[in-house]
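*Asks:* First the structure, which I've put down as structure tokens, then a few questions once you've had a look.
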Ligand code: ATP
């Protein structure tokens with residue numbers, strides 16, 4: 002049996018279905034990330050695991066114990082919220098000690114545990130400070146120390162990085178992952194940031210509309226998306242409606258393209274190509290699958306640029322290409338320009354067909 006098992010979990014708010022038949026098994030020591038767009042139900046799922054939200058149907062079993070109907074206080078977890086949620090009138094020491102004090106632990110032991118926890122999160126000696134004297138990142142480290150102080154069996158993180166600036170977010174995400182590796186605590190984190198999910202997770206649960214779309218390791222989710230939503234949401238796959246045109250060829254709009262895998266004559270299927278797999282002519286093998294496209298927009302992002310292209314791919318949906326700034330050096334890329342681009346056959350991939 003998995004460490005945490007969720008079976009047929011559903012939650013409604015009036016007529017609105019926030020969670021719809023969630024089935025999920027989390028292994029001991031795993032770092033699982035719930036990922037999806039705003040409103041997909043990921044926070045509701047985390048709060049149901051914490052007992053802060055009561056499901057309408059379904060079961061949650063943690064370490065062999067059915068916790069579905071238990072109050073939050075009787076469940077064994079620590080939780081960190083997006084908004085730090087520290088007590089502003091308590092010192093850092095008292096914030097970290099909060100869970101321990103409410104368990105009436107010995108004062109000397111509490112002091113020692115607080116010291117250990119603050120060292121663990123890189124804030125040694127900050128016991129006498131107050132939350133208002135700390136940066137956002139430091140407050141979130143204190144919140145993490147507080148969540149871990151009681152040695153919970155499960156760590157729940159609800160968008161813990163989203164209130165931080167970009168640099169602090171990247172720093173803290175690797176600190177949290179390293180800490181989790183060290184402690185081996187089973188962790189479930191909610192985020193809507195795909196890069197964060199790919200960087201931190203052992204496995205990602207992609208959600209949409211209260212349902213699970215796909216569960217898998219970051220590489221698996223990225224390289225073998227299970228449907229068009231996952232292909233688009235993670236890594237911005239350009240979706241293409243294709244019709245089979247003989248062995249390993251498809252027709253996409255006005256284009257006849259060679260593709261990865263067989264394509265049977267006349268069969269309609271959805272393919273995708275990643276922005277970074279679209280090539281500029283000159284970096285292609287002998288113009289493979291090449292065509293002309295008009296630049297609609299070009300966003301320079303430092304190491305690379307995102308170029309939105311109007312291409313003869315049929316449905317009028319623009320293609321987004323990512324070109325390394327090294328390739329672009331000296332080239333005129335501006336709205337209205339015409340570029341010759343191509344899609345190497347191995348990067349034109351079919352999506353599994355809906356069951
Ligand atoms: P976000 O990243 O925006 O928080 P989320 O995926 O975490 O998104 P949830 O907070 O789980 O989404 O909410 C799922 C849906 O349920 C949303 O459409 C939300 O409006 C709705 N919802 C959540 N809580 C309530 C509530 N107490 N009453 C009514 N609707 C709710």
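Numbering (our numbering), first residue to last: 2 to 356. Idealized CB from N, CA, C, for every residue including glycine.
Between the alpha carbons of residue 291 and residue 273, how many angstroms are there, rounded?
*Replies:* Sequence index remark: in the chain shown, residue 291 carries index 290 (1-based). Sequence index remark: in the chain shown, residue 273 carries index 272 (1-based). So the alpha carbons of these two residues sit roughly 16 Å apart.
*Asks:* Measure the CB-CB distance between residue 230 and residue 220 and report whether it falls below 7 Å.
*Replies:* Here residue 230 is taken as the residue at index 229 of the chain shown, counted from 1. Here residue 220 is taken as the residue at index 219 of the chain shown, counted from 1. Cβ distance not < 7 Å, so residue 230 and residue 220 don't count as in contact.
*Asks:* Spatial neighbours of residue 265 within its chain, please: C-beta separation below 8 Å, excluding the five flanking residues on both sides.
*Replies:* To locate residue 265, count along the chain shown from 1; it is residue 264. Excluding sequence neighbours, residue 265 sits near 245.
*Asks:* For the alpha helix (DSSP H) containing residue 117, list its first residue and its last residue.
*Replies:* Locating residue 117 in the chain shown gives position 116, counting from the first residue. Run containing residue 117: 108-121, per the alpha helix (DSSP H) assignment.
*Asks:* Would you mind stating whether residue 240 and residue 271 have Cβ atoms separated by less than 7 Å?
*Replies:* Taking the chain shown and counting its residues from 1, the one referred to as residue 240 is at position 239. Taking the chain shown and counting its residues from 1, the one referred to as residue 271 is at position 270. Yes, the pair counts as a contact, with Cβ atoms nearer than the cut-off.
*Asks:* Where residue 22 and residue 59 are concerned, what is the direct C-alpha to C-alpha distance, given to the nearest angstrom?
*Replies:* Sequence index remark: in the chain shown, residue 22 carries index 21 (1-based). Sequence index remark: in the chain shown, residue 59 carries index 58 (1-based). The alpha-carbon atoms of residue 22 and residue 59 are separated by roughly 8 Å.
*Asks:* Under the DSSP definition of a beta bridge, which residues are partnered with residue 290?
*Replies:* Locating residue 290 in the chain shown gives position 289, where the first residue counts as 1. Paired residue(s): none; residue 290 is not in a bridge.
*Asks:* Within 10 Å of its beta-carbon, does residue 168 have 16 or more other beta-carbons around it, so buried, or fewer, so exposed?
*Replies:* In the chain shown, the residue the question calls residue 168 occupies position 167. Counting Cβ neighbours within 10 Å, residue 168 comes out exposed, since fewer than 16 surround it.
*Asks:* Nearest CA to the CA of residue 124: which residue from 94, 191, 308, 328?
*Replies:* The count along the chain shown starts at 1 and reaches residue 124 at position 123. Selected option, being the one with the closest Cα: 94.
*Asks:* Using CA atoms only, rank isn't needed, just tell me which of 105, 99, 87 is closest to residue 142.
*Replies:* Here the question's residue 142 lines up with position 141 in the chain shown. The residue with the shortest Cα to Cα distance from residue 142 is 87.
*Asks:* With distance defined between alpha-carbon atoms, name the residue in 49, 349, 173, 192 nearest to residue 263.
*Replies:* On the chain shown, residue 263 is found 262 positions in, with the first residue counted as 1. That would be 349, whose Cα lies nearest to the Cα of residue 263.
*Asks:* When you compare only the Cα positions, how much space is there between residue 69 and residue 78?
*Replies:* Start at 1 with the first residue of the chain shown, and residue 69 comes out as number 68. Start at 1 with the first residue of the chain shown, and residue 78 comes out as number 77. Residue 69 and residue 78: Cα-Cα distance of roughly 14 Å.
*Asks:* Residue 366 lies in the beta strand (DSSP E); which residues open and close that run?
*Replies:* Any question about residue 366 goes unanswered here, given that the chain covers just 2 to 356.
*Asks:* Does the structure place the segment 38-48 close enough to the segment 112-126 that three or more beta carbon pairs sit under 8 Å?
*Replies:* no
*Asks:* Buried or exposed: which applies to residue 209, given that a residue is buried once 16 or more other Cβ atoms fall within 10 Å of its Cβ?
*Replies:* What you label residue 209 is simply residue 208 of the chain shown in a count that begins at 1. Under this definition residue 209 is a buried residue.
*Asks:* Does the distance from the C-beta atom of residue 132 to that of residue 89 stay below 7 Å?
*Replies:* Your numbering for residue 132 matches position 131 in the chain shown. Your numbering for residue 89 matches position 88 in the chain shown. Cβ atoms of residue 132 and residue 89: closer than 7 Å.
*Asks:* How far does the beta strand (DSSP E) with residue 272 in it reach, from first residue to last?
*Replies:* Residue 272 sits at position 271 when you count from the first residue of the chain shown. Where residue 272 is concerned, the enclosing beta strand (DSSP E) stretches over 269-274.
*Asks:* What would DSSP say about residue 201, mapped onto helix, strand or coil?
*Replies:* If you number the chain shown from 1, residue 201 lands on position 200. Here residue 201 sits in helix by DSSP.
*Asks:* Could you please give the first and the last residue of the uninterrupted alpha helix (DSSP H) stretch that includes residue 233?
*Replies:* Within the chain shown, the letter at position 232 stands for residue 233. Looking at the DSSP string, the run of the alpha helix (DSSP H) that includes residue 233 is 229-234.
*Asks:* Going along the chain, which unbroken runs of the beta strand (DSSP E) with 3 or more residues stay wholly within the segment 137-200?
*Replies:* 155-159, 187-192
*Asks:* So residue 328 is in the alpha helix (DSSP H); what residue range does that whole segment cover?
*Replies:* For the purposes of this step, residue 328 is identified with residue 327 of the chain shown, where counting begins at 1. Start and end: 326-329.
*Asks:* Do you know offhand how far residue 84's Cα is from residue 138's?
*Replies:* Along the chain shown, read from residue 1 onward, the residue named residue 84 stands at position 83. Along the chain shown, read from residue 1 onward, the residue named residue 138 stands at position 137. Put simply, the backbone Cα of residue 84 is about 11 Å away from that of residue 138.
*Asks:* Please tell me whether residue 174 and residue 201 are closer than 7 Å, where the distance is taken between their beta carbons.
*Replies:* Here residue 174 refers to the residue found at position 173 of the chain shown. Here residue 201 refers to the residue found at position 200 of the chain shown. Yes, the Cβ-Cβ distance between residue 174 and residue 201 is below 7 Å.
*Asks:* Here's a check: name, in chain order, each residue in its chain whose Cβ is nearer than 7 Å to the Cβ of residue 261, leaving out the five neighbours to either side.
*Replies:* Locating residue 261 in the chain shown gives position 260, where the first residue counts as 1. Counting only Cβ-Cβ distances below 7 Å, and skipping sequence neighbours, we find 346, 347, 349, 350.
*Asks:* Tell me the rounded alpha-carbon separation between residue 27 and residue 176.
*Replies:* As a first step, residue 27 is located in the chain shown; it is residue number 26 there, counting from the start. As a first step, residue 176 is located in the chain shown; it is residue number 175 there, counting from the start. So the two alpha carbons sit approximately 22 Å from each other.
*Asks:* Does DSSP put residue 100 in a helix, a strand or coil?
*Replies:* Reading the chain shown from its first residue, position 99 is the one you call residue 100. Three-state result, residue 100: helix.
*Asks:* Out of 147, 140, 295, state which residue places its alpha-carbon closest to the alpha-carbon of residue 116.
*Replies:* As a working note, residue 116 is residue 115 in the chain shown. A check of alpha carbon separations from residue 116 across 147, 140, 295 identifies 147 as the nearest.
*Asks:* Are the segment 185-196 and the segment 153-168 in contact at 8 Å, needing three or more beta carbon pairs?
*Replies:* yes
*Asks:* Tell me whether residue 14 sits in a helix, a strand or coil according to DSSP, three-state version.
*Replies:* By 1-based counting over the chain shown, the position of residue 14 is 13. Here residue 14 sits in strand by DSSP.
*Asks:* Restricting to runs no shorter than 4 residues, where is the alpha helix (DSSP H) found entirely within the segment 28-83?
*Replies:* 43-51
*Asks:* Taking 6 Å as the cut-off, is the CB of residue 43 close to at least one heavy atom of the ligand ATP?
*Replies:* Taking the chain shown and counting its residues from 1, the one referred to as residue 43 is at position 42. Indeed, a heavy atom of the ligand ATP lies less than 6 Å from the Cβ.
*Asks:* Smallest Cα separation from residue 234: which of 249, 248, 206, 259?
*Replies:* Walking along the chain shown from the start, residue 234 turns up at place 233. Comparing Cα-Cα distances from residue 234 to each of 249, 248, 206, 259, the minimum goes to 206.
*Asks:* Determine whether the beta carbon atoms of residue 188 and residue 32 lie at a separation below 7 Å.
*Replies:* Counted from its first residue, the chain shown places residue 188 at position 187. Counted from its first residue, the chain shown places residue 32 at position 31. At a Cβ-Cβ threshold of 7 Å, residue 188 and residue 32 count as neighbours.
*Asks:* Could you give the first and the last residue of the continuous beta strand (DSSP E) run that contains residue 213?
*Replies:* As a first step, residue 213 is located in the chain shown; it is residue number 212 there, counting from the start. Segment 212-217, the beta strand (DSSP E) holding residue 213.
*Asks:* Grouping DSSP H, G and I as helix and E and B as strand, with all else coil, what is residue 21?
*Replies:* Along the chain shown, one-based indexing puts residue 21 at 20. Of the three classes helix, strand and coil, the one that applies to residue 21 here is strand, per DSSP.
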